[in-house]
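K.L.:
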Amino acid sequence: MRKNSATSAIRELAKLTIGMHGKDFLLTWEKSDQEIRATLLTAEILRSLYESNVSLRLFQSGLAVSIFRDKSTRTRFSFASAANLLGLGVQDLDEEKSQIAHGETVRETANMISFLTEAIGIRDDMYIGEGNKYMREVAAALDEGLREGVLPQRPAIVNLQCDIDHPTQAMADLCHLKREFGGLDKLKGRKIAMTWAYSPSYGKPLSVPQGIIGLMTRFGMEVVLAHPEGYTLLPETLKIAQQNAKKSGGAFRVAHSMEEAFKNADIVYPKSWAPFSVMEQRTQLLRAGDSAGLKDLERRALENNARFKTWECNEKLMALTRSGGDTPALYMHCLPADISGVSCKEGEVSGKVFEKYRITTYREASFKPFIIASMILLSKFKSPAGLLAGIGRKKLRRISG
Amino acid sequence: MRKNSATSAIRELAKLTIGMHGKDFLLTWEKSDQEIRATLLTAEILRSLYESNVSLRLFQSGLAVSIFRDKSTRTRFSFASAANLLGLGVQDLDEEKSQIAHGETVRETANMISFLTEAIGIRDDMYIGEGNKYMREVAAALDEGLREGVLPQRPAIVNLQCDIDHPTQAMADLCHLKREFGGLDKLKGRKIAMTWAYSPSYGKPLSVPQGIIGLMTRFGMEVVLAHPEGYTLLPETLKIAQQNAKKSGGAFRVAHSMEEAFKNADIVYPKSWAPFSVMEQRTQLLRAGDSAGLKDLERRALENNARFKTWECNEKLMALTRSGGDTPALYMHCLPADISGVSCKEGEVSGKVFEKYRITTYREASFKPFIIASMILLSKFKSPAGLLAGIGRKKLRRISG
Amino acid sequence: MRKNSATSAIRELAKLTIGMHGKDFLLTWEKSDQEIRATLLTAEILRSLYESNVSLRLFQSGLAVSIFRDKSTRTRFSFASAANLLGLGVQDLDEEKSQIAHGETVRETANMISFLTEAIGIRDDMYIGEGNKYMREVAAALDEGLREGVLPQRPAIVNLQCDIDHPTQAMADLCHLKREFGGLDKLKGRKIAMTWAYSPSYGKPLSVPQGIIGLMTRFGMEVVLAHPEGYTLLPETLKIAQQNAKKSGGAFRVAHSMEEAFKNADIVYPKSWAPFSVMEQRTQLLRAGDSAGLKDLERRALENNARFKTWECNEKLMALTRSGGDTPALYMHCLPADISGVSCKEGEVSGKVFEKYRITTYREASFKPFIIASMILLSKFKSPAGLLAGIGRKKLRRISG
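Quick mapping for you: the protein sequence lines, in order, are chains A, B and C. Residues 34 to 434 in the working numbering are what the first sequence lists, from first letter to last. Residues 34 to 434 in the working numbering are what the second sequence lists, from first letter to last. Residues 34 to 434 in the working numbering are what the third sequence lists, from first letter to last.
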């Protein structure tokens, strides 16, 4: 999408009724359909203007703070890129990995880091029942700080992955699908298989599959979630997927084999995750500081995983998908994938299949910085369409020369 | 304070005779009364322009380097916010916690990090007799680097806390008092109680109480320092407080009970610190690498602390302060406070008292980024009033839209 | 060099035929003579404009990513300064020290960190046969990413030190020599002694001496490399030095005493390094994770080093150099030096000699940020002379006021 399409996308954005100003982006299902569309459109407009060398420096100063509970390269760089694109300086807040802060510590810290801060990105996916809750505690503290005159502005919180949803990933994935299939309306009736896959590691978060079934069911798609017995997701996210599918005229169901899910699928998303019950036990053990218990849980979980090594996305399975036509079945992954024979002995995807889609997965990831920038922009600016139109007209160059 | 008050504050600033250009901010008592006033005014002007969405990007490029000997969230973010506000990029220099560098290492490093650097913030409060000395070594190295043509510009050093003073804290506190009481002249005759309070931790620096008595005695206030026997401060800072009080028509005295200090106080600042003699021993043991000795010292110091658990700021004590009138007694703290029943079992302040003043302490902290930006600005620019007037006139927006 | 000289340097730059756009800076000997001159000139122009308070913010947004395999202060700050000077935000990628990544990990990470990235600086000097190879793997991944539409732009890679060359150091050193001697043509016929010197530490990289002999032989100088038996460099770099000397009308030879090298030298560069064979063994042991073997190698290497404690640059040796005339012999070092009686008991240089040249070595280092900025600029912009002329005309101020 180049400048002309930016213009038409801005016109489309102007027609949407949204109420995102001053709000955080914590769960996709808290946003209306028009708001989801606005987020996609804004990301696309930003990308298009960026590719036309238009400066998107909306802030002359201001911080963007990232809070990560675990190590992250991809998300860290996506957030840093998005913040930098809009003119914000990035500062990391290193919290102790093992520490679940509550109450006064959260309230106080939230305010202390926010005096000149415009956006806060939080990744907190390690504890079931904690990550999203923590984000809401921070949000409430910022609300109070703004109300009480402590903060001259209220930073926008962006959920960079929690125990419930991974909205920047799911939205970037949706951007990718929109481009690959030629429009959101083209997704109607398509079958997407969000399936568990074997991994030699344990404790992978549930937020990606939960985010995918929570979002993709909103566009009339046939969403099939497949996993071995026991690898269930957070019950509330299944309910949301169910409701969304009903409302959008799509479908949502759970299957228990990759074959069933892959059959005639337009899109496959094979990815490992830990069973919800294991994550719950893990949270309790972490809280209790029971490292022997944690080791034991890991051993049992890995043993259980090993029973499902056949859950690998390979050519035989891909052959079941809807091939032919102008858009053959698409393989998706949030990266890094566990690639059999490449990054591990046996993993989520065979080397052959991954190699075929490798570049496509990189492209899938390329939307994330723009989605994050879009989320920040829509929270910070009242009239995004007018603002973007103005930027497009001014054509201040991002790079001199 | 909004734009109109910025204009009048700039006029006030223009009338002051100051010589801060090219100088570092290391101790408040090295600055003249007019310079202290200029620092406050500049901070207020910056805040006012910021709140009016005026861009304060004075630098199109340039680094601000922070050097911290221990972990810090609050001060790190205040410095980063201030630097970012003025357009500088923040870089941290991670020095080994345990290493007291001297001589060639300091001279060389100071120059190597300064080729394109405009400001250096240093926090070095762990060693009695070392922190401020280290800052002066860095300063001398930068002077030499500038003189010898190594550096194209001389970065301004801001003391972010040393063994002697904590000028950014004390000045932010003064900003807070000026606003709460409606002007510096309104502080005359007010009683401020800087008192020790119990904490379950040990080795807290002395720089906050030293900074407070060294600064607040300059405005005709009645400053009472209270602590249990033995919890004395650095003798030279007591002398400075004495001299300042005499000169300003205020008073300074040491008391040995919280009750005495709180009686009719307008402001109370209950905060834990380690006895000067303990900090001296600690420095010697750290230097000698005597970890057994350090453990023993900690044990003894904590035992001694425990004798003074009644030194807690609670409602009974607050009832002794000057209540009534339009400005009831103010509780202050540099945060984080040890709050009884919240962050610890028994601490510096009761949960009830803290909760009542919680938001006020956040507001107190909110001045720090602007005070730091003010210190950098006054060191880097010859004619601050003219500069700020020009910025106010141009009204370049900080945030687009 | 001030503004007028910037103008004439820009004219000189415009006359050069270079093909650096879209290329990385990995080894000086991959660049033509005109390209080496262009890099020097651009660095000088940037410094001159900077010193005239001209803003060099060529980018309104964009990241500069630094990848360091080991701790670094000097290089980290040089890269950060250069990036910030051009308007880029700095982000560090912390890779595990001990991990040599290859294949998919490198390809993927290279793309994931580059969506909005303009420059990547890599320092990877710990493994013989690995550092430069790794840079080329990253480069190939970026080429693919650009070609396949993953990346909207291709970041420029700058070698911040590898196992083969240290081009930012060697080029900054050349800048220094050009200024000290009054022009590149004045270097013709000068004798430079690149000699090994004793250090109480082990495993110092070979990239500095290799970079120096590979670059200085291109300007008609008499380059003498001196080291004790066994302390050989990477054979291919000796060959390159040989060829360069031949082509430029200079000379290159290996000597086995400091005395021989220092005799009538115009420039001396005494610096410790590990023997090539030791570095090779070390790489194998590191790969095998053989920590007992590594300890044993270190012990043996230090014992061997200790046989050559007389290889110290002192006043007696300096007396052998070409003194007199308007340019007495110059002592160079990449810093930090092992200074006898200062930073160690016995080291590379005596305290007296170092103190005499201390400030000069700081000045030598001061060119590095500008050299790095020059390398980024020449890779990112097609018409550097026109661009710089435009900047010089516009005279947008770097610092307000």
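Beta carbons are placed, not taken as given, at the ideal position from N, Cα and C, and that holds for glycine.
Looking at C-beta atoms only, is the number of pairs between the stretch 223 to 239 of chain A and the stretch 134 to 151 of chain A that lie closer than 8 Å three or more?
P.N.:
no
K.L.:
When the Cα atoms are used, what is the spatial distance from residue 286 of chain A to residue 104 of chain A?
P.N.:
34 Å
K.L.:
Determine the direct distance from the alpha carbon of residue 145 of chain C to that of residue 68 of chain A, and round the result to whole angstroms.
P.N.:
27 Å
K.L.:
Using 8 Å for Cβ pairs, my map puts residue 154 of chain C next to residue 191 of chain C. What's the rounded Cβ distance?
P.N.:
5 Å
K.L.:
Leaving out five residues on either side along the sequence, give the residues of the same chain with a beta carbon under 6 Å from the beta carbon of residue 275 of chain B.
P.N.:
285
K.L.:
Any beta carbon from chain C within less than 8 Å of residue 270 of chain A's own beta carbon?
P.N.:
no
K.L.:
Which of the three DSSP states is assigned to residue 306 of chain A in this structure?
P.N.:
coil
K.L.:
According to the neighbour-count rule (16 or more other Cβ atoms, all chains shown, within 10 Å of its Cβ), is residue 431 of chain B buried or exposed?
P.N.:
The residue is buried, with at least 16 neighbouring Cβ atoms inside 10 Å.
K.L.:
Does the distance from the CB of residue 228 of chain C to the CB of residue 291 of chain C come in under 8 Å?
P.N.:
yes
K.L.:
Would you say residue 113 of chain C faces chain B, with C-beta separation under 8 Å as the test?
P.N.:
Using a CB distance cut-off of 8 Å, residue 113 of chain C counts as an interface residue toward chain B.
K.L.:
When the distance is taken between beta carbons, is residue 242 of chain C closer than 8 Å to residue 258 of chain C?
P.N.:
yes
K.L.:
So the candidates are C:100, C:157, C:95, C:86; which of them puts its Cα closest to the Cα of residue 95 of chain B?
P.N.:
C:86
K.L.:
Counting contacts by CB-CB distance shorter than 8 Å, is residue 63 of chain A in contact with chain C?
P.N.:
no
K.L.:
Use the C-beta contact count for residue 244 of chain C: other C-beta atoms within 10 angstroms, 16 or more gives buried, fewer gives exposed.
P.N.:
Result: buried.
K.L.:
Please tell me whether residue 145 of chain C has its Cβ less than 8 Å away from any Cβ of chain A.
P.N.:
Yes, residue 145 of chain C lies at the interface with chain A (some Cβ there is under 8 Å from its Cβ).
K.L.:
Compare the Cα-Cα distances from residue 407 of chain A to each of A:40, A:379, A:57, A:48 and report the closest residue.
P.N.:
Comparing Cα-Cα distances from residue 407 of chain A to each of A:40, A:379, A:57, A:48, the minimum goes to A:57.
K.L.:
The stretch 368 to 394 of chain A: which residues have C-beta closer than 7 Å to a C-beta of chain C, in chain order?
P.N.:
368, 369, 372, 375, 376, 392
K.L.:
Taking the continuous alpha helix (DSSP H) assigned at residue 179 of chain A, which residues delimit it?
P.N.:
164 to 180
K.L.:
May I ask which residues mark the beginning and end of the beta strand (DSSP E) holding residue 126 of chain C?
P.N.:
122 to 127
K.L.:
Just to make sure I have the definition right: I need the residues of chain C whose C-beta is within less than 8 Å of the C-beta of residue 88 of chain A. Which are they?
P.N.:
Against chain C, the beta carbon of residue 88 of chain A has neighbours under 8 Å at 93, 94, listed in chain order.
K.L.:
Listed from N- to C-terminal order along the chain, which residues in the stretch 174 to 187 of chain B have their beta-carbon within a distance smaller than 9 Å of any beta-carbon of chain C?
P.N.:
Here the close residues are 177, 178, 181, 182, 183, 184, 185, 186.
K.L.:
For residue 139 of chain B, does the three-state DSSP call read helix, strand or coil?
P.N.:
Three-state result, residue 139 of chain B: helix.
K.L.:
So is residue 130 of chain C buried or exposed if we call it buried at 16+ other beta carbons inside 10 Å?
P.N.:
Because residue 130 of chain C carries a pLDDT of 47, less than 50, the predicted location of this residue cannot be relied on, and the following value inherits that uncertainty. Looking at its Cβ environment, which holds fewer than 16 other Cβ atoms inside 10 Å, residue 130 of chain C is exposed.
K.L.:
Mind checking residue 77 of chain C: buried by the 16 CB within 10 Å criterion, or exposed?
P.N.:
buried
K.L.:
CB residue 141 of chain B to CB residue 402 of chain C, shorter than 8 Å?
P.N.:
no
K.L.:
Measure from the alpha carbon of residue 195 of chain A to the alpha carbon of each residue in A:108, A:188, A:330, then state which is nearest.
P.N.:
A:108
K.L.:
Got a sec, what are the start and stop residues for the alpha helix (DSSP H) residue 291 of chain A sits in?
P.N.:
291 to 295
K.L.:
Give me the Cα-Cα distance between residue 473 of chain B and residue 88 of chain A, rounded to the nearest whole angstrom.
P.N.:
Residue 473 of chain B cannot be examined here, being either before or after the span of chain B that is shown, 34 to 434.
K.L.:
Could I get the ranges of all uninterrupted beta strand (DSSP E) runs contained in the stretch 90 to 120 of chain C, with 3 residues as the minimum, in chain order?
P.N.:
96 to 101
K.L.:
Cβ closer than 9 Å: which chain A residues qualify as neighbours of residue 117 of chain B?
P.N.:
Annotation: Cβ neighbours of residue 117 of chain B in chain A (cutoff 9 Å, chain order): 94, 95, 96, 121, 122, 124, 149.
K.L.:
Round the Cβ separation of residue 186 of chain A and residue 151 of chain A to the nearest angstrom and send it over; I've been treating them as touching at under 8 Å.
P.N.:
7 Å
K.L.:
Residues in the same chain with beta-carbon distance under 8 Å from residue 64 of chain A, minus the five sequence neighbours each way, listed in chain order, please.
P.N.:
53, 58, 72
K.L.:
In chain A, which residues lie less than 7 Å from residue 79 of chain C when you measure between Cβ atoms?
P.N.:
Per Cβ cutoff of 7 Å: no residues; residue 79 of chain C is ~13 Å from chain A at best.
K.L.:
Which chain A residues are close to residue 414 of chain C, counting only those with a beta carbon under 7 Å from its beta carbon?
P.N.:
434
K.L.:
For a cutoff of 8 Å on Cβ pairs, would you count residue 142 of chain C as touching chain A?
P.N.:
For residue 142 of chain C, the answer is yes, since a Cβ of chain A falls inside 8 Å of its Cβ.
K.L.:
Which residue from B:39, B:101, B:256, B:165 puts its Cα closest to that of residue 295 of chain B?
P.N.:
The candidate whose alpha carbon is nearest that of residue 295 of chain B is B:256.
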